[in-house]
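A.B. asks: Position one of the sequence shown corresponds to residue 1 (the UniProt record's numbering), numbered consecutively onward.
Heads up, the beta-carbon is just placed ideally off N, CA and C, and yes, glycines get one too.
One structure is given below, represented as structure tokens, and several questions about it will come after.
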Amino acid sequence: MKSEITGITRANEGIQGISWNILGQTYVPKSNTEHSFSWHATLPPGTFVPPHIHPDQDEYLYMLEGKLDFMLGNSESQASAGDLIRLGMGVPHGIFNKSEQTAKVLFWVSPTKKLFDLFWGLHNMKEQKPEDVVAMAAEFNIHFLPPPPGG
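In structure tokens:
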């Protein structure tokens with residue numbers, strides 16, 4: 001069991017100095033226990049997180065800067081600075097920066113499960129090919145969905 005260590009993770013730092021490059025985005029982990037895992041994400045224009053499902057985690061995003069488009073279940077929505085996005089476990093979702101501005105977001109999941117380890121694996125891939133990302137994610141119980149017809 002990993003317990004939280006009381007302290008401050010500074011604005012431009014990750015725990016233990018970690019910073020990951022995943023799908024063209026920068027993820028900086030802020031806390032990691034068995035109960036929750038949080039990270040700061042920088043999503044440049046044109047980047048996205050393909051539609052996927054967390055079968056055993058709730059995921060949250062707090063928008064710090066910018067605007068993002070979301071696929072939430074069977075609907076689409078947008079969020080901007082100050083908005084909180086709630087993604088219940090088992091609900092398909094995708095995240096897209098279709099704007100001309102970089103988005104900055106605080107993400108967290110509960111419980112942590114294997115997401116921290118998945119991010120390490122993705123970061124360490126020599127080349128993040130879609131089929132390899134999907135296969136690795138499935139090993140960590142994150143399931144990417146097939147692209148929509150014509151997508």
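(1) Check GLY88 in the structure and name its three-state DSSP category.
(2) Considering only the alpha carbon of each residue, which of ASP56, TRP39 and ILE15 lies closest to ILE22?
(3) Any contact between the stretch 70-80 and the stretch 88-96? By contact I mean 3 or more CB pairs, one from each, below 8 Å.
(4) Where does the unbroken alpha helix (DSSP H) through HIS123 begin, and where does it stop?
(5) Apply the 10 Å Cβ neighbour rule to LEU84 and answer buried if 16 or more other Cβ atoms are within range, or exposed otherwise.
(6) Just to confirm, are PRO55 and GLY17 a CB contact at a threshold of 8 Å?
(7) Distance, Cα to Cα, LYS30 vs PHE116?
(8) How big is the Cα-Cα spacing for THR6 and VAL134?
(9) Runs of 4 residues minimum, wholly inside the UniProt domain "Cupin type-2" (40-108): which ones carry the alpha helix (DSSP H) assignment?
(10) Hey, how far is the Cα of VAL28 from the Cα of LEU106?
(11) Give me the Cα-Cα distance between PHE126 and GLY14, rounded to the nearest whole angstrom.
(12) Given a threshold of 16 other Cβ atoms within 10 Å of its Cβ, counted over all protein chains shown, does ILE8 qualify as buried or as exposed?
(13) In this structure, what does DSSP give as the bridge partners for PRO29?
(14) Output needed for GLN57: all residues of its chain with C-beta closer than 6 Å, excluding positions within five of it in sequence on either side, in chain order.
(15) Grab me the residues of GLY121's own chain with a C-beta within less than 7 Å of its C-beta, minus the 5 sequence neighbours each way, in chain order.
C.D. replies: Taking the definition as stated:
(1) Here residue 88 refers to the residue found at position 88 when the sequence shown is read from its first residue. For GLY88, the secondary structure class from DSSP, reduced to helix, strand or coil, is coil.
(2) If you number the sequence shown from 1, residue 22 lands on position 22. Looking at the Cα atoms, TRP39 is the closest of the given residues.
(3) With the cut-off at 8 Å, the stretch 70-80 and the stretch 88-96 touch.
(4) Counting from 1 along the sequence shown, the entry for residue 123 is found at position 123. Counting along the chain, the alpha helix (DSSP H) containing HIS123 begins and ends at 115-123.
(5) Working through the sequence shown from its first residue, we reach residue 84 at position 84. Exposed: under 16 other Cβ atoms inside 10 Å.
(6) Your numbering for residue 55 matches position 55 in the sequence shown. Your numbering for residue 17 matches position 17 in the sequence shown. Contact: no.
(7) Taking the first residue of the sequence shown as 1, we reach residue 30 at position 30. Taking the first residue of the sequence shown as 1, we reach residue 116 at position 116. Taking the straight line joining both Cα atoms gives about 11 Å.
(8) Position 6 of the sequence shown, counting from 1, holds the residue named residue 6. Position 134 of the sequence shown, counting from 1, holds the residue named residue 134. Just so you know, the alpha carbons of THR6 and VAL134 end up roughly 35 Å apart.
(9) DSSP runs (the alpha helix (DSSP H)) wholly in the UniProt domain "Cupin type-2" (40-108): none.
(10) Reading the sequence shown from its first residue, position 28 is the one you call residue 28. Reading the sequence shown from its first residue, position 106 is the one you call residue 106. Answer to the nearest angstrom: the Cα atoms are 10 Å apart.
(11) Counting from one through the sequence shown, the residue named residue 126 turns up at place 126. Counting from one through the sequence shown, the residue named residue 14 turns up at place 14. Note that residue 126 is Lys in the sequence shown, not Phe. So the alpha carbons of these two residues sit roughly 22 Å apart.
(12) Taking the first residue of the sequence shown as position 1, residue 8 is located at position 8. Under this definition ILE8 is an exposed residue.
(13) What you label residue 29 is simply residue 29 of the sequence shown in a count that begins at 1. Partner(s): TRP39.
(14) Stepping through the sequence shown from its first residue, residue 57 is reached at position 57. Excluding sequence neighbours, GLN57 sits near MET89, VAL109 and LYS113.
(15) The count along the sequence shown starts at 1 and reaches residue 121 at position 121. Counting only residues of its own chain and dropping the five nearest sequence neighbours on each side, GLY121 has a CB closer than 7 Å to the CB of MET136.
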